[in-house]
Structures are given as structure tokens and as C-alpha cells.
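For reference, the structure discussed in these notes is given below.
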Amino acid sequence: MRVASQPYLAELAEEFLAGQMTISWADHVQSGLRGETTWIDPTETEPGVDVGMNYKRLLDGAIEIEVVAYGGPGGTGDAIRRVGVVRP
Numbered sequence: 069m070r071v072a073s074q075p076y077l078a079e080l081a082e083e084f085l086a087g088q089m090t091i092s093w094a095d096h097v098q099s100g101l102r103g104e105t106t107w108i109d110p111t112e113t114e115p116g117v118d119v120g121m122n123y124k125r126l127l128d129g130a131i132e133i134e135v136v137a138y139g140g141p142g143g144t145g146d147a148i149r150r151v152g153v154v155r156p
């Protein structure tokens with residue numbers, strides 16, 4: 069099974085986190101803070117991968133967003149993790 073390259077996984081994780089960081093704190097709360105996994109179709113040079121997003125409320129009310137890009141389908145292969153925090 070082919071696995072995605074580290075630079076590709078890092079790029080995906082950073083793109084997904086950047087997108088989540090543009091959403092307001094109130095909109096994150098209203099969405100219910102449910103984690104989700106998105107399938108990214110294969111490209112000419114990289115296999116298909118999963119990108120998971122998890123949300124956690126911190127004690128001060130902030131929301132921690134964790135994005136994990138997995139090197140292969142179903143959470144296999146190497147993983148790159150990026151974390152951001154959205155404050156009220």
C-alpha cells in the first residue's frame with residue numbers, strides 16, 4: 069500500500085486547520101463541535117488519505133481544534149498533527 073509523503077500530509081493538515089481558524093468561536097459552538105473525517109481523493113503523485121478534525125472545549129471556554137492527516141486510508145501510515153485554539 070502506498071502512503072502519502074510527509075510534506076503532503078503537513079500541507080493538508082495546515083490547510084484544514086487554517087480553514088477552521090477562519091470560523092468564529094460562536095459558529096464553532098453552534099455547530100456542536102462534532103469531529104469528522106474527510107477523504108481526500110488520490111492525486112497524480114499521492115495516494116488517497118483521511119484528514120480527521122477533532123474539537124475540545126478548554127476550561128477557559130476556548131475551543132481546541134486538532135487536525136490529523138493520515139498517510140493512508142483508514143488512519144493508516146504516518147500521521148501529521150496540527151492544533152489551533154479559537155477563543156471567545
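Residues 69 to 156 (this note's numbering) make up the sequence shown, in order. Don't be surprised by glycine CBs; every beta carbon is placed ideally from N, CA and C. These numbers come from a predicted model, not from an experiment.
Can you give me the start and stop residues for the beta strand (DSSP E) that residue i sits inside?
i    : result
A137 : I131 to G140
A147 : T144 to V154
D118 : V117 to R125
If residue i sits next to residue j, beta carbons under 8 Å apart, how far is it from one beta carbon to the other, in whole angstroms?
i   : j    : result
E82 : R125 : E82 to R125, Cβ: 23 Å. No contact.
L77 : V117 : 7 Å
Using CA coordinates, which residue listed in the options is at the minimum distance from residue i?
i    : options                   : result
G142 : D128, P115 and I133       : P115
A72  : L85, D146 and M89         : D146
T106 : I131, G152 and V119       : V119
G100 : I133, I148 and T144       : I133
G140 : A130, I131, R102 and I108 : I108
Y138 : I148, M89 and A130        : I148
P156 : L80, M89, V136 and R102   : M89
L80  : H96, A94, Q98 and T111    : T111
V153 : T144, E104, G87 and T113  : G87
Y123 : V97, Q74 and P75          : V97
Since residue i is in the alpha helix (DSSP H), which residue starts that stretch and which ends it?
i   : result
E82 : Q74 to M89
V97 : W93 to Q98
Helix, strand or coil for residue i, going by three-state DSSP, please let me know.
i    : result
T111 : coil
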